[in-house]
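J.: Residue numbers (numbering that gives the first Met the number 0): 0 to 378. A virtual CB, placed ideally from N, CA and C, is assigned to each residue, including glycine. Note that this is a predicted model, so its numbers are computed, not measured. Following this message is one structure expressed as structure tokens.
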Amino acid sequence: MQPPIPDYLADILDHVRDDDGGQSADYIPELRDADPDRLALALCTTSGHVYSAGDGDVEFTIQSISKPFIYALALQELGADAVDEVVGLEPSGEAFNELSLDDNDNRPVNPMINAGAIAVNQLINGEDSSVDDRVEKIRDLLSRLAGRDLSIDEELCNSEILSADRNLSIAHMLRSHGIIHDEAHDAVLSYTRQCSILVTTRDLAVMSATLATGGVQPVTEERLLTSEVCRRTLAVMSSSGMYDGAGRWMAGVGIPAKSGVAGGLIGTLPGQLGIATFSPRLDSSGNSVRGVKIFERLSREMGLHLMAADHHSVPGVRSITRDGDSTVIRLQGTINFTAAENILHELGSHKLGGSELLLDVSRVTSFNRMGRRMVKEGL
Ligand code: DON
Numbered sequence: 000m001q002p003p004i005p006d007y008l009a010d011i012l013d014h015v016r017d018d019d020g021g022q023s024a025d026y027i028p029e030l031r032d033a034d035p036d037r038l039a040l041a042l043c044t045t046s047g048h049v050y051s052a053g054d055g056d057v058e059f060t061i062q063s064i065s066k067p068f069i070y071a072l073a074l075q076e077l078g079a080d081a082v083d084e085v086v087g088l089e090p091s092g093e094a095f096n097e098l099s100l101d102d103n104d105n106r107p108v109n110p111m112i113n114a115g116a117i118a119v120n121q122l123i124n125g126e127d128s129s130v131d132d133r134v135e136k137i138r139d140l141l142s143r144l145a146g147r148d149l150s151i152d153e154e155l156c157n158s159e160i161l162s163a164d165r166n167l168s169i170a171h172m173l174r175s176h177g178i179i180h181d182e183a184h185d186a187v188l189s190y191t192r193q194c195s196i197l198v199t200t201r202d203l204a205v206m207s208a209t210l211a212t213g214g215v216q217p218v219t220e221e222r223l224l225t226s227e228v229c230r231r232t233l234a235v236m237s238s239s240g241m242y243d244g245a246g247r248w249m250a251g252v253g254i255p256a257k258s259g260v261a262g263g264l265i266g267t268l269p270g271q272l273g274i275a276t277f278s279p280r281l282d283s284s285g286n287s288v289r290g291v292k293i294f295e296r297l298s299r300e301m302g303l304h305l306m307a308a309d310h311h312s313v314p315g316v317r318s319i320t321r322d323g324d325s326t327v328i329r330l331q332g333t334i335n336f337t338a339a340e341n342i343l344h345e346l347g348s349h350k351l352g353g354s355e356l357l358l359d360v361s362r363v364t365s366f367n368r369m370g371r372r373m374v375k376e377g378l
């Protein structure tokens with residue numbers, strides 16, 4: 000059977016194709032001269048099925064979309080306490096390249112702005128790592144997440160370095176507060192090489208889906224991150240991933256996301272999907288104009304807003320029936336606290352006759368720890 004998904008994705012692209020609002024980044028020739036009409040959309044399910052439309056296989060630099068993944072790598076390598084010592088978790092409400100630190104403890108406020116990302120980059124592979132070894136570790140993780148060997152756009156990286164005054168100022172600021180210890184130039188070089196890794200929209204969808212599965216790359220099935228690391232990374236993406244547009248984004252689209260200055264944008268639906276778009280023209284917050292429009296539409300049409308509770312249904316119990324001398328209870332879906340509470344409530348209010356009670360779990364997709372415990376103890 001041919002699934003209708005590719006046609007649906009192509010249709011979505013056609014709806015935004017003529018929107019030429021926004022401006023491509025123009026601070027370096029490689030971004031200024033990139034084709035502004037490129038347009039792509041890709042989805043990857045947590046089962047590892049990938050669908051893409053438009054320019055899904057065209058490469059561009061990952062830029063700030065690397066930040067959540069390198070934050071995840073630092074959490075994985077050092078643990079949350081050590082990472083919390085150098086970077087906070089609060090939204091900044093400021094531009095991505097603001098020279099800002101928390102007033103109370105002088106840490107960058109979150110890992111999605113440049114100050115936080117430069118500090119996090121320095122945690123990878125230990126404080127004494129060379130730039131090359133650190134970047135190789137980063138490139139290796141991003142390659143495993145994409146499921147193919149990724150390369151670095153050296154020309155673009157050199158241009159970024161030639162115009163990196165702002166990031167160098169940030170690195171000096173971090174050094175003066177003892178947050179980083181490398182020379183400012185090396186810290187910015189390492190961060191810039193991280194941003195200069197080439198990906199496709201398809202790669203980004205798979206990488207994003209790896210956060211959605213709780214750390215297992217859904218195509219190669221390699222476990223790359225723990226579920227705790229993914230949960231924390233997604234939490235930070237939801238509060239800070241879209242910079243000073245984060246509040247508007249969460250209200251309108253409701254999907255943890257991260258944008259990049261080359262025009263990429265990812266969104267992750269925990270347990271469901273990784274989504275990625277590519278379109279180089281950006282709005283005043285540095286987020287892709289057509290990418291935002293695509294996400295708004297997908298969220299509305301596919302019902303993806305994480306805060307939506309449109310369909311109120313009673314979770315847990317599918318049916319309770321009598322079969323001769325047996326009472327058969329059919330459960331369904333994910334059995335979490337709410338579903339287990341409902342199951343026990345239904346059982347309590349039902350007259351369970353017969354000599355045998357059969358529990359049919361063939362339609363249960365999963366029990367979480369609390370759901371399993373409540374159902375077992377309740378029975
Ligand atoms: O100037 C930088 O730090 C960039 N190379 C990356 C920033 C970025 O992608 C901002 N996101 N929209």
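1) Using the DSSP secondary-structure output, state which residues sit across from residue 256 in a beta bridge.
2) Is residue 194 near the ligand DON, going by C-beta to nearest heavy atom under 7 Å?
3) Please report the straight-line C-alpha distance between residue 4 and residue 149, rounded to a whole angstrom.
4) Quick check on the DSSP output: the beta strand (DSSP E) that includes residue 366 runs from which residue to which?
5) Taking Cβ positions, are residue 198 and residue 69 nearer each other than 8 Å?
6) On a CA-only basis, which of 263, 117 and 75 is nearest residue 168? Give me that one, please.
7) Out of curiosity, what's the CA-to-CA distance linking residue 218 and residue 83?
8) Work out the CA separation of residue 335 and residue 142 for me, nearest whole Å.
9) Quick one: what does DSSP say residue 282 is sitting in, helix, strand or coil?
10) Do residue 266 and residue 294 have their beta-carbon atoms positioned less than 8 Å apart in this structure?
11) Examine the Cβ distances between the region 282 to 300 and the region 332 to 349 and report whether three or more of them are shorter than 8 Å.
12) With 16 as the cutoff for other CB atoms within 10 Å, does residue 106 come out buried or exposed?
13) How many whole angstroms separate the CB atoms of residue 195 and residue 275, which I take to be in contact at a CB cut-off of 8 Å?
14) Note down, in chain order, each residue of its chain lying with its Cβ closer than 7 Å to the Cβ of residue 317, except the 5 sequence neighbours on either side.
15) Please find out if some non-hydrogen atom of the ligand DON comes closer than 7 Å to the beta-carbon of residue 121.
16) Starting from residue 317 and walking both ways along the beta strand (DSSP E), at which residues does that stretch end?
17) Mind the definition here: the region 175 to 190 touches the region 108 to 126 only if three or more C-beta pairs lie below 8 Å; say whether that holds.
18) Out of curiosity, what's the CA-to-CA distance linking residue 113 and residue 319?
19) Hey, is residue 221 close to the ligand DON, as in C-beta under 7 Å from one of its heavy atoms?
20) Under three-state DSSP, which class holds residue 212?
21) From the DSSP output, read off the bridge partner residues of residue 22.
22) Does residue 40 pass the burial test, meaning 16 or more other C-beta atoms within 10 Å, or should it be called exposed?
23) Note down the Cα distance separating residue 230 from residue 213, rounded to an integer number of angstroms.
24) In whole angstroms, what is the alpha-carbon distance linking residue 162 and residue 155?
25) Taking just the CA atoms, how far does residue 338 sit from residue 370?
26) Let me check you understand the geometry: is the CB of residue 21 closer than 7 Å to at least one non-hydrogen atom of the ligand DON?
27) Keeping to the same chain, check which residues put their C-beta closer than 8 Å to that of residue 160; ignore five residues upstream and five downstream.
28) Does the contact criterion of 3 or more C-beta pairs under 8 Å hold for the region 126 to 144 versus the region 77 to 91?
29) Please state the DSSP three-state secondary structure of residue 378.
T.: Reading it off the structure:
1) Within the sequence shown, numbered from 1, the residue matching residue 256 stands at position 257. For residue 256, which the question treats as bridged, DSSP gives the partners 266.
2) Mapped onto the sequence shown, residue 194 falls at position 195. Yes; taking the cut-off as 7 Å, the Cβ of residue 194 has a heavy atom of the ligand DON nearer than that.
3) As a first step, residue 4 is located in the sequence shown; it is residue number 5 there, counting from the start. As a first step, residue 149 is located in the sequence shown; it is residue number 150 there, counting from the start. Rounded to the nearest angstrom, the two C-alpha atoms are 27 Å apart.
4) Here residue 366 corresponds to residue number 367 of the sequence shown, with the count starting at 1. Where residue 366 is concerned, the enclosing beta strand (DSSP E) stretches over 355 to 366.
5) In the sequence shown, the residue the question calls residue 198 occupies position 199. In the sequence shown, the residue the question calls residue 69 occupies position 70. Not in contact: residue 198 and residue 69 (Cβ atoms no closer than 8 Å).
6) The residue labelled residue 168 in the question sits at position 169 within the sequence shown. With distances taken between Cα atoms, residue 168 lies closest to 117.
7) Here residue 218 refers to the residue found at position 219 of the sequence shown. Here residue 83 refers to the residue found at position 84 of the sequence shown. Each residue's alpha carbon lies about 31 Å from the other.
8) For the purposes of this step, residue 142 is taken as the residue at position 143 of the sequence shown. For the purposes of this step, residue 335 is taken as the residue at position 336 of the sequence shown. Taking the straight line joining both Cα atoms gives about 34 Å.
9) Indexing the sequence shown from 1 puts residue 282 at position 283. The answer is coil: DSSP assigns residue 282 none of H, G, I, E or B.
10) Counting from 1 along the sequence shown, the entry for residue 294 is found at position 295. Counting from 1 along the sequence shown, the entry for residue 266 is found at position 267. The answer is yes: Cβ separation under 8 Å.
11) no
12) Position 107 of the sequence shown holds residue 106. It is buried - the Cβ of residue 106 has at least 16 other Cβ atoms within 10 Å.
13) Position 196 of the sequence shown, counted from the start, is the residue given in the question as residue 195. Position 276 of the sequence shown, counted from the start, is the residue given in the question as residue 275. Their Cβ separation, rounded to whole angstroms, is 18 Å, which puts residue 195 and residue 275 out of contact at 8 Å.
14) To locate residue 317, count along the sequence shown from 1; it is residue 318. Excluding positions up to five away in sequence, the list reads 329, 330, 331 and 362.
15) Against the sequence shown, residue 121 aligns to sequence position 122. Incorrect: residue 121 has no Cβ contact closer than 7 Å to the ligand DON.
16) The residue given as residue 317 occupies position 318 in the sequence shown. Element bounds for residue 317: 316 to 322.
17) yes
18) Numbered from its first residue, the sequence shown carries residue 113 at position 114. Numbered from its first residue, the sequence shown carries residue 319 at position 320. Roughly 55 Å between the two C-alpha positions.
19) On the sequence shown, position 222 is the one that residue 221 refers to. Checking every heavy atom of the ligand DON against the Cβ of residue 221, none is found closer than 7 Å.
20) Start at 1 with the first residue of the sequence shown, and residue 212 comes out as number 213. Coil.
21) Walking along the sequence shown from the start, residue 22 turns up at place 23. Answer is 281, bridged to residue 22.
22) For the purposes of this step, residue 40 is taken as residue 41 along the sequence shown, with counting starting at 1. When all chains shown are included, residue 40 counts as buried.
23) By one-based count along the sequence shown, residue 230 stands at place 231. By one-based count along the sequence shown, residue 213 stands at place 214. Going by the C-alpha atoms only, they are around 7 Å apart.
24) Indexing the sequence shown from 1 puts residue 162 at position 163. Indexing the sequence shown from 1 puts residue 155 at position 156. Going by the C-alpha atoms only, they are around 11 Å apart.
25) Along the sequence shown, one-based indexing puts residue 370 at 371. Along the sequence shown, one-based indexing puts residue 338 at 339. Going from the Cα of residue 370 to the Cα of residue 338 covers about 7 Å.
26) By 1-based counting over the sequence shown, the position of residue 21 is 22. Not under cutoff, so the answer is no.
27) As a first step, residue 160 must be located in the sequence shown, where it is residue number 161. Excluding positions up to five away in sequence, the list reads 187, 188 and 191.
28) no
29) Reading the sequence shown from its first residue, position 379 is the one you call residue 378. Coil, per DSSP.
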